[in-house]
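To start, the structure under review is shown below, and the notes come after it.
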Amino acid sequence: MADVLLEQDNDGIVWFTINRQERRNAINYEVMDCLQKTIQMVEQNDDVKVLVITGAGEKAFCSGGDLSSFHRLQTKEEAYSMLGKMGNILYSLLTVSKPTVALINGTVIGGGCELATACDFRYAKRGSKVGFVQGKLAITTGWGGSTMLFEKMSYDRALHVLLEAEPVSAEKMYEYGWIHSLLPEQGLKEECRKLLSPYLSKSVHVLRAYKTAAVAKWKNEAFRARFFAEIERCSVLWESPEHDEAVRAFLNK
Ligand SMILES: CC[C@@H](C(=O)O)C(=O)SCCNC(=O)CCNC(=O)[C@H](O)C(C)(C)COP(=O)(O)OP(=O)(O)OC[C@H]1O[C@@H](n2cnc3c(N)ncnc32)[C@H](O)[C@@H]1OP(=O)(O)O
């Protein structure tokens, strides 16, 4: 079974579905590579108006990086090669010139929250759990997630969710402004389509022009330096014994 499912609708939506339910849609290198190619395609293809990222099944949107494979990365250099790769992909997602949506169909944890933060809009199934839990693994966000969070949420709320590092409800994250729409459990895709229909009725050139204006503030060296400094700091923490122990405990539970 493919790790990613890709569909394109006639109305201009591309649906990117992480298809690793048995790992709660954790991100491995194959998912990263598919996401990178999809973002390039969305950027170039004028038939595409909106990119929607979601997870297969009903349990999880994404549980972050695949700890069973990334736990092999021991040194900060090894960690940086993986974190920097995904950081570059999320930077392209953040700045792609079409609107993007994270359709949160269940639990979203760790790097899954970073993936969702890189999108323009977050629509979530009511009752989903949202956890920037990296602190409990003795690391920080390592894919540019906190740098993006500080841009997209109020300073004190962003700092609070990162420092607390506990899963909270989608309803709480709606109150915090991170989630834009809470959706019923049934018919998630149709509800998402309804929310997008005003955008889909506009010309792709209008969508591209507004999105280009919106992300101009992030297309500069100062922002990129902050973004990749976060990844560097996470790489240093990655090689600590505390992180190693926390991941071992999760994998051996
Ligand atoms: C690497 C980048 C870094 C970042 O920059 O943020 C990260 O993303 S660090 C990773 C952070 N993610 C986590 O810590 C998530 C860990 N997972 C969980 O807490 C839970 O699995 C869940 C997501 C809350 C779901 O709980 P539940 O529904 O009870 O399922 P299980 O726990 O039984 O999981 C089922 C199955 O899936 C495996 N799994 C889950 N998450 C991951 C993961 N991130 N990587 C690898 N494997 C994962 C889990 O081990 C179970 O496997 P089996 O026991 O073999 O069935």
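So the numbering used here is basically just the index in the sequence shown, starting at one, shifted up by 152.
All C-beta atoms in this analysis are idealised placements derived from N, C-alpha and C, irrespective of residue type, glycine included.
Predicted model, so just to flag it, every value in this text is computed and none were measured.
Residues of the same chain with a CB within less than 7 Å of the CB of T269, apart from the 5 flanking positions on each side, are G297, M300, L301 and K304 in chain order. Residue selection by CB proximity (closer than 6 Å to any heavy atom of ligand 1) returns R175, R176, A178, K211, A212, S215, G216, G217, D218, L219, S220, F222, T259, I261, G262, G263, E266, V285, Q286, L289, T293, G294, W295 and F402 in chain order. Considered as a whole, the segment 165-213 harbours 165-170 and 202-207 as its complete beta strand (DSSP E) runs of no fewer than 3 residues, in chain order. R274 is classed as buried because its beta carbon has at least 16 other beta carbons within 10 Å across all chains shown. Setting aside the 5 residues that flank it on each side, G283 is surrounded in the same chain by T259, V260, I261, G262, C265, A317, E318, P319 and V320, each with a C-beta closer than 8 Å to its C-beta; the list follows chain order. If one requires a minimum length of 3 residues, the beta strand (DSSP E) runs lying completely within the segment 258-315 are 259-261, 273-277 and 281-283, in chain order. Straight-line measurement puts the Cα of N257 at about 23 Å from the Cα of S244. The beta carbon of L334 sits closer than 7 Å to the beta carbons of A276, R278, A322, E323 and Y326 from its chain, once the five residues preceding and following it are set aside; these are given in chain order. Per the coordinates, the alpha-carbon of L403 lies some 8 Å from the alpha-carbon of L219. The three-state reading of DSSP puts I331 in coil, since its state is none of H, G, I, E or B. Of K237, W167 and D155, the smallest CA-CA separation from Q173 is found for D155.
Q286 counts as buried, since no fewer than 16 other beta carbons sit within 10 angstroms of its beta carbon. Collapsing the DSSP output to three states places E391 in coil. A straight-line Cα-Cα distance of about 14 Å links F213 and I331. Within a 10 Å sphere around the beta-carbon of S387 sit 16 or more other beta-carbons, which makes this residue buried. DSSP places L246 in the uninterrupted alpha helix (DSSP H) bounded by K228 to T247. Cβ-Cβ separation between Y351 and V202: approximately 6 Å, consistent with a contact (criterion under 8 Å). With a cut-off of 8 Å on Cβ pairs, the segment 222-236 is not in contact with the segment 160-169, counting fewer than three such pairs.
Cβ-Cβ separation between T252 and D272: approximately 5 Å, consistent with a contact (criterion under 8 Å). In chain order, K288, L289 and A290 place their CB closer than 8 Å to the CB of A398, counting only its own chain and leaving out the 5 sequence neighbours on each side. One Cα belongs to L311, the other to L187, and the distance between them is close to 28 Å. Going by DSSP, L219 is part of no beta strand (DSSP E) but of the alpha helix (DSSP H) stretching over L219 to F222. Inclusion of I179 and G239 in the CB contact set at 9 Å is not warranted, their separation being larger than that value.
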